[in-house]
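Right, one structure below, let's go through it.
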Amino acid sequence: MTGNKSSVTLKWLRYLIQGAFLLFIVQLVVKHSLFPEDVFVPSAEAYCPLGGIETLYRFLSTGGKTIPHTHLSNLVVLIALLATVLIAKTAFCGWICPFGTIQEWLRNMGKKLNIAPNGSLYKKLGRWDKYLPLLKYVILGWLLAGTAITGQMVFRDYDPYASLLKIAELEMNAGFIILVIVLIVSLVLERPWCRYFCPLGAVVSILGKLSIINIKRDAGTCSECSICSKNCPAGIDVARADKISSDRCFSCLTCLEKCPRPGALDLYLGGTATAKHLKEEIPHARQ
Amino acid sequence: MRVNKFVYAALVLVTFLGIINLAQAFGWWATSGKFTPDGERITVTGTDPDEIKGWMTLQEVATAYKIPLEEICNHFNLPADIDPNTQLKDMEGMGEDFSPRALREWLKER
C-alpha cells in the first residue's frame, strides 16, 4: 500500500478537508474584524464547540440561555462534534479542527525547514510526555466548574484558539502568550496543544471510548515491521497495539497509509478484528 | 465489518455538516446574541442581569433597569459626559475597571 495512489489521495483529501474548514474560519475572522457591527457576519467564536461545552450548564439550567460570547450555534457544533466522536473517534481533531490543522501544518513546515526533522520528539520528553496529557482533564474540570459557578467563560482569557480568532483586536493577554508559545513549539512537536492541554480533546478522549469505528491491527496478518509506529505523528506504538485506543491518536490514518500488509491495519465498524475474520474478508492478506 | 477509508472520511463530513445543516433548517441556529433564532431583535428586559451583553448600550441598560445614568457613571467612576449610546464593550477598562461583567455583578447585588 505504501505510496500507492489511494494513500496519496487520502492524505491530500484530508489536507483538502482541513484546509476548507480552516479557510472557512479565516474568512470569518477577516470579515468580522472588517465589519464587527454587521450582524450578518458572525464571529468565528460562534462556531467553536468548546463554547458549547462552556455554555451547556447555563443552557440546561436556565432553559435556553447562554453565557456571554456563546450562542445556539456553539451548542449545535458541539452536538455535531459529539456525534462525529461517537462514530469516528478523534476524526474531528485530525480532519476538521482548524487549530489542530494549524499546529500540524506548522510541524510539517518545521520538518521541511529541517527543524527536528526525525519524526516525533515525544519519546525524548520521557515521563513528562506520560503525565502532561492529564492536564487537559484538569483544564476541562476547571473550565466546567468555573463556568457553572460564575456564568462566565473562565477559560477564554487563557485559550490560545480564542486569542487567534480575535487576533485583530491585538489583545495582549495570557491566551495570546500561550498562542505564541504553542505556535513556536508546533514547529518541533506534533500538535502540542491537542496532546497536553486541549479541554475539548479531553471530552473527545472520554467519549471516543464509545466510538463505533476504530483502527484495529490484526496480529496474524501484521509482520511487525513497525513502519506504522515509526510513521505515527502522535508517537503511538501502533505495531504493539491490537486496537488504537490511545487518546493521543488524532485519526490522521497515516498508519493505515504506510502499512505494507493489506488487512494488517484497518478501520472496523464494531466487533473485533481477528485473523480469521480478516482472512475471510481479504483472502490475499497473507500472500 | 471493514470500513473503507474514503467512506470513513465521507461519514465524518456528512455527520458533522449534516447535523449543523439540519439544525439550521429547523431554525435551531443563532450566531449572534443580538437576534433570537426567529430573527427577532433581543432587547434588555431588566429582569436578569445575565442577559446584559457587550453590544448593548449604557442607555438601554439604564432604561431597562430603571437606574439613572448618573448613578451608573458615579458607581463606576465613568466620565460624566460619556455618550449614553456607547456600547458596553467599548467602555471596558474605563473608570474603575468597568466591564459588562462588572455591571452585571453590580446589578445583581443592587
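Protein chains in written order, with the working numbering: chain V, 911 to 1197; chain G, 11 to 120.
Don't be surprised by glycine CBs; every beta carbon is placed ideally from N, CA and C.
Inter-residue Cα distance where the pair is residue i and residue j
| i | j | result |
| --- | --- | --- |
| residue 114 of chain G | residue 91 of chain G | 22 Å |
| residue 59 of chain G | residue 969 of chain V | 16 Å |
| residue 1180 of chain V | residue 993 of chain V | 16 Å |
| residue 999 of chain V | residue 55 of chain G | 43 Å |
| residue 971 of chain V | residue 1135 of chain V | 53 Å |
| residue 1095 of chain V | residue 73 of chain G | 50 Å |
| residue 1113 of chain V | residue 78 of chain G | 46 Å |
| residue 934 of chain V | residue 107 of chain G | 35 Å |
| residue 874 of chain V | residue 1033 of chain V | Any answer about residue 874 of chain V is impossible in this case: the structure gives chain V only from 911 up to 1197. |
| residue 927 of chain V | residue 75 of chain G | 48 Å |
| residue 1064 of chain V | residue 1048 of chain V | 14 Å |
| residue 117 of chain G | residue 66 of chain G | 15 Å |
| residue 975 of chain V | residue 1075 of chain V | 23 Å |
| residue 942 of chain V | residue 42 of chain G | 12 Å |
| residue 1062 of chain V | residue 939 of chain V | 22 Å |
| residue 45 of chain G | residue 967 of chain V | 21 Å |
| residue 1067 of chain V | residue 11 of chain G | 45 Å |
| residue 101 of chain G | residue 947 of chain V | 16 Å |
| residue 965 of chain V | residue 925 of chain V | 31 Å |
Sequence-distant residues of its chain with Cβ nearer than 6 Å to residue i (five each side left out)
| i | result |
| --- | --- |
| residue 1183 of chain V | With a pLDDT of 42 at residue 1183 of chain V, under the threshold of 50, the predicted position of this residue should be treated as unreliable, though the coordinate-derived value follows. Around residue 1183 of chain V: 1126, 1128. |
| residue 1132 of chain V | 1174 |
| residue 1157 of chain V | 1115 |
| residue 1137 of chain V | 1168 |
Residue i (DSSP reduced to helix, strand or coil)
| i | result |
| --- | --- |
| residue 997 of chain V | helix |
| residue 75 of chain G | coil |
| residue 45 of chain G | strand |
| residue 92 of chain G | coil |
| residue 67 of chain G | strand |
| residue 97 of chain G | strand |
| residue 1179 of chain V | strand |
| residue 1125 of chain V | strand |
| residue 1040 of chain V | helix |
| residue 12 of chain G | strand |
| residue 1076 of chain V | coil |
| residue 1153 of chain V | strand |
| residue 1101 of chain V | coil |
| residue 1158 of chain V | coil |
Same chain, Cβ closer than 7 Å to residue i, neighbours up to 5 away in sequence not counted
| i | result |
| --- | --- |
| residue 1070 of chain V | 1085, 1088, 1089, 1092, 1103 |
| residue 83 of chain G | 90, 92 |
| residue 64 of chain G | 97, 98, 99, 110 |
| residue 1025 of chain V | 1097, 1098 |
| residue 1106 of chain V | 1042, 1043, 1045, 1046 |
Residue i and residue j closer than 8 Å at C-beta
| i | j | result |
| --- | --- | --- |
| residue 24 of chain G | residue 1178 of chain V | no |
| residue 920 of chain V | residue 1163 of chain V | yes |
| residue 95 of chain G | residue 69 of chain G | yes |
| residue 904 of chain V | residue 1004 of chain V | Examination of residue 904 of chain V is not possible in this model, given that chain V is present from 911 through 1197 alone. |
| residue 996 of chain V | residue 963 of chain V | no |
| residue 1057 of chain V | residue 977 of chain V | yes |
| residue 19 of chain G | residue 923 of chain V | yes |
| residue 1006 of chain V | residue 945 of chain V | no |
| residue 1001 of chain V | residue 22 of chain G | yes |
| residue 1053 of chain V | residue 1109 of chain V | yes |
| residue 990 of chain V | residue 26 of chain G | yes |
Neighbourhood of residue i by C-beta distance below 8 Å, restricted to the same chain and skipping five residues each side
| i | result |
| --- | --- |
| residue 1121 of chain V | 995, 996, 997, 998, 999 |
Can you find at least 3 beta carbon pairs, one from the stretch 1152–1172 of chain V and one from the stretch 1133–1141 of chain V, that sit closer than 8 Å?
yes
Specify whether the stretch 950–958 of chain V and the stretch 982–991 of chain V touch according to this definition: at least 3 beta carbon pairs, one from each stretch, less than 8 Å apart.
yes
Cβ pair count under 8 Å reaching 3, the stretch 1037–1049 of chain V against the stretch 946–954 of chain V:
no
Against chain C, which members of the stretch 11–27 of chain G pass a CB distance test of less than 9 Å?
Absent from the structure is chain C; the protein chains it does hold are V and G.
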